[in-house]
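First up is the structure itself, then whatever we jot down about it.
2 protein chains.
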Amino acid sequence: MGWNKVAIIGVGLIKFGELFEKSWEIMVEEAYLNAINSVDKGFNPKDIEAAWLGDCRPGAHGSQTLAGVSLVGNIGLAGIPCTHIENGCPTGSDTFRNGCLGVASGVYDVVLVVGAEKMRDKSTAELLSLASQGHPIIQRGETAMTMFAPQAIRHMHEYGTTKEQMAMVAVKNHKNGVYDPYSHYRYEITIEDVYKSPMVCSPLNLLDCCPQTDGAAAAILCRADMAEKYTDKTVYVAGFGMGTDVFYVHEKEDFTEFVASVRAAKQAYSMAGIGPGDIDVAEVHDCFTITEIINYEDLGFCSKGQGGKLIEKGETYIGGRIPVNPSGGLISKGHPLGATGIAQISELFWQLREEVRASGGFGDPAINEKRQVEIKKGYALQHNVGGRGISNSVVTILTNKKG
Amino acid sequence: MGWNKVAIIGVGLIKFGELFEKSWEIMVEEAYLNAINSVDKGFNPKDIEAAWLGDCRPGAHGSQTLAGVSLVGNIGLAGIPCTHIENGCPTGSDTFRNGCLGVASGVYDVVLVVGAEKMRDKSTAELLSLASQGHPIIQRGETAMTMFAPQAIRHMHEYGTTKEQMAMVAVKNHKNGVYDPYSHYRYEITIEDVYKSPMVCSPLNLLDCCPQTDGAAAAILCRADMAEKYTDKTVYVAGFGMGTDVFYVHEKEDFTEFVASVRAAKQAYSMAGIGPGDIDVAEVHDCFTITEIINYEDLGFCSKGQGGKLIEKGETYIGGRIPVNPSGGLISKGHPLGATGIAQISELFWQLREEVRASGGFGDPAINEKRQVEIKKGYALQHNVGGRGISNSVVTILTNKKG
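Heads up: the protein sequence lines correspond to chains H and Y, in order.
In this text, residue positions in the first sequence follow the numbering used here: the first is 11, and each later residue adds one.
In this text, residue positions in the second sequence follow the numbering used here: the first is 11, and each later residue adds one.
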């Protein structure tokens, strides 16, 4: 059976988008309030004994560093410990992972994890300069695009993956985003739209890429054996894994998989005591369309090289064999780095509780429910990959089964 | 009895200073190698299952964010999880705390914690701009100096603390630094020297302040019940605490104590099942001389308002009732933010094992041993305080007793 030492008792997020009108402080406060108000049997904030804050780009809101007090001092919880984590694209999910370790350690019974990111208050050029790392010559010109585009080219060459299959990922995720009230974009697109959108870095057009999005998300965790105090519909953390990889391009052996993801998934499946066939629904890191296709393979949803065919056969649509990114994913919902992982977990919390209709009280229930997947085996998988040289990945497995 | 779920089996650091000749990568590698080579019965790096990296100012080495792979990819450990933590001045000690939670959770048996900071590669003005936070008008002009100097003035006013008592802290710590081969500064100073040094922010002269220092430190932790595999002289983590406080000046109620420290100490003493009278030696956060005096009170080494008299009576000198900062402290050894907490823990590891003479194989044993304190009750205390508005503190208690 799974690890199941930690329970999720509440989640909350804010509508993702270009939130020029909201300060960072307002964003985290709203996500936090939505999380505590979501706890079924009520929740006293005084129960929170420790917190973790995920925020990836300290420079994005005014060249600031962000000690954990920036969170707790801001939401009326000054006093308790708060750790600030930055860990590239998996910042949110690693923040969640550290919160789980805190509870499982026996030191804290109830903890808060919050992820947030201001991506639009500064120019993309400034944001990119913050992400540059490593040897100044070896890493010259390395951006997210120039790291992921060669993966697409190699995957096309090795396995016959097509531009059309990649575009299908964007079409699917935009369609799902229409049904998610928190999504940055809420409109459908066609394969033609992807082809006609500006070329950013061949073979990736603009609509193959996720947008720059502001957002925040929060979750409240407690010891599994305490969860009934707060809810009768507990979601448990069945397992998690985090993997890393070498980060310089010349050190990589394979351009068709993300080694960090494979490692993270292996740990998470092992801890949860299940395999890919047990997953009812997944929220995975589709920063680019090719990323989602490679994720299918790295996470074991299909065999190596078959990712393109998996989307082509419609198996990852809502209603398919293994629905992926019902929330709209990074491509439609958006990717506020620190928030993304916790927002994915929030979506899976609702999916496993079959509460997507409500979506935390946001949106039109009749529209929201169109993204509810069928829960059969009771397991859901969250995944992020990124960081310096695509060398960092977190996988989390949630379940509605007690153990 | 104490918590004692986690053992420290090895520590390592590099000589602190202005390390223009060493890249960040070289600094962390040297500290890591010193730590693994320090394990008594030998150590296979493959035993490390997870890592935490503390580094406070991502902008300090080229406007970079620092995902955890920057550490593990650099030291040949690509594959394992690595979380990057930033948490103001307690970054190093909070990194250690998260490593402890990781081991105590039962998920990882052996973990690595590394702290590092490049403080000198960029100008102080650039570094300060990175630390600015919060409301742009309310926080205007807030620097470390302008936060700590008013504390000194108020403490002088309330309790009769004197400039001379403050200077005595600098004299003591510089004297101790002479005996620490890792210390940035290794020369004695006099009270007159402090008075004659340039006024930085009244009443703090230059020699009341810690310098800007580059450095790195590492520690290897494991489950307490596994420690005998690695060493017969285990040091255990008896307890730890982390406290936060409101961060805007106008919200503070008292300018003569650091509320975050009081909260952190209370948690740590409670977890360790001891009180201040059980501490044989302490490494505390003397970013300024007044800080050490207030720490004496906040940590319970004397009653409120008596901190100045404690140093005046010589009780915190090596050989005194409660020796504080035998390593030279931040004032003499230096304060590379991410590294400081783990370097303090390294010093206390050697103190508790009565191995200061060797100091990890560095320096002249005949000089090193002059800073060895007498170990009576077997407990040592580490402390950091700082972050936005002096609102963030970590206290760690170590012991040589099995529990």
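Quick reminder that beta carbons are idealized off the backbone N, C-alpha and C, glycines included.
Just how far apart, CA to CA, sit residue i and residue j?
i                   : j                : result
alanine 229/Y       : leucine 81/Y     : 14 Å
threonine 406/Y     : alanine 248/Y    : 8 Å
glutamate 124/H     : proline 191/Y    : It is valine, not glutamate, that sits at residue 124/H in the sequence shown. Roughly 41 Å separates the two Cα atoms.
valine 210/Y        : glycine 397/H    : 40 Å
phenylalanine 359/Y : glycine 20/Y     : 9 Å
cysteine 110/Y      : aspartate 290/H  : 34 Å
valine 121/Y        : leucine 391/H    : 26 Å
alanine 439/H       : isoleucine 284/H : This structure cannot speak to residue 439/H, because chain H is shown only from 11 to 413.
glycine 22/Y        : arginine 273/H   : 29 Å
isoleucine 332/Y    : glutamine 354/Y  : 16 Å
aspartate 57/H      : alanine 282/H    : 28 Å
glycine 83/Y        : valine 294/Y     : 32 Å
cysteine 7/H        : glycine 64/Y     : With chain H covering 11 to 413 only, the question about residue 7/H has no answer from this structure.
lysine 319/Y        : lysine 132/Y     : 39 Å
aspartate 203/H     : glutamine 316/H  : 24 Å
serine 212/H        : alanine 278/H    : 34 Å
glycine 370/H       : isoleucine 377/H : 14 Å
alanine 219/Y       : glycine 112/H    : It should be pointed out that residue 219/Y corresponds to cysteine in this sequence rather than to alanine. If you take the alpha carbons of cysteine 219/Y and glycine 112/H, they lie about 35 Å apart.
methionine 129/Y    : histidine 94/H   : 20 Å
arginine 196/H      : isoleucine 24/H  : 15 Å
serine 420/H        : glycine 330/H    : Residue 420/H lies beyond the stretch modelled for chain H, which goes from 11 to 413, so this question has no answer here.
valine 117/Y        : glycine 102/Y    : 22 Å
What residues are listed by DSSP as bridge partners for residue i?
i               : result
glycine 249/Y   : Ile407/Y
threonine 254/Y : Asn402/Y
threonine 93/Y  : Trp62/Y
glycine 318/H   : BP columns for glycine 318/H are empty, so no partner.
cysteine 219/H  : Phe298/H
valine 334/Y    : Ala292/Y
glycine 27/Y    : Asp224/Y
leucine 362/H   : According to DSSP, leucine 362/H bridges with nothing at all.
alanine 88/H    : Ile90/H
leucine 81/H    : According to DSSP, leucine 81/H bridges with nothing at all.
leucine 214/H   : Cys211/H
What span of residues does the beta strand (DSSP E) with residue i cover, start to end?
i               : result
glutamine 392/Y : 389-396
alanine 126/H   : 120-127
glutamate 202/H : It is not in any beta strand (DSSP E) - glutamate 202/H instead sits in the alpha helix (DSSP H) that spans 201-206.
cysteine 232/Y  : 225-233
leucine 23/H    : 16-23
cysteine 211/Y  : 209-211
Counting only the same chain and skipping the five closest in sequence on each side, list residues whose C-beta sits under 6 Å from that of residue i.
i                   : result
lysine 15/Y         : Ala114 and Ala234
arginine 363/H      : Lys243
isoleucine 85/H     : Glu39 and Tyr42
glutamine 382/H     : Val366
methionine 11/Y     : Gly283 and Gly413
glutamate 168/Y     : Thr266
phenylalanine 372/Y : Pro191
alanine 162/Y       : Pro213 and Ile300
alanine 292/Y       : Val334 and Leu391
phenylalanine 298/Y : Phe158, Leu214, Asp218 and Cys219
Between residue i and the rest of its own chain, which residues show a CB-CB distance below 8 Å, the 5 nearest in sequence each way excluded?
i               : result
methionine 27/H : The sequence shown places glycine at residue 27/H, rather than the methionine named in the question. Hits under 8 Å: His194, Thr223, Asp224, Gly225 and Gly344.
valine 79/Y     : Ala88 and Cys92
Could you tell me the boundaries of the alpha helix (DSSP H) in which residue i lies?
i                : result
glutamate 293/Y  : Unbroken run through glutamate 293/Y is the beta strand (DSSP E), 291-293; no alpha helix (DSSP H).
methionine 178/H : 173-188
valine 269/Y     : 269-282
proline 286/Y    : It is not in any alpha helix (DSSP H) - proline 286/Y carries neither H nor E in the DSSP assignment.
serine 342/H     : 339-342
methionine 166/Y : 154-169
leucine 309/H    : Here leucine 309/H belongs to no alpha helix (DSSP H), and DSSP marks it neither H nor E.
glycine 12/Y     : Looking at the DSSP string, glycine 12/Y is not in any alpha helix (DSSP H), and its letter there is neither H nor E.
alanine 41/H     : 34-47
glycine 109/H    : 101-114
alanine 376/Y    : 375-378
Leaving aside the five residues before and after residue i along the sequence, list all residues of the same chain whose C-beta is less than 7 Å from its C-beta, in chain order.
i               : result
glycine 72/Y    : Residue placement at glycine 72/Y is flagged as unreliable, the pLDDT there being 43, under the threshold of 50; a coordinate-derived value is accordingly withheld.
lysine 314/H    : Glu307
lysine 387/H    : Asp288 and Asp290
isoleucine 90/H : Ile58, Glu59, Ala60, Ala61 and Val82
* Asked: Can at least three beta-carbon pairs, one atom from the segment 164-184 of chain Y and one from the segment 332-345 of chain Y, be found at a separation below 8 Å?
  -> yes
* Is the segment 37-46 of chain Y touching the segment 237-255 of chain Y, taking contact as three or more C-beta pairs under 8 Å? -> no
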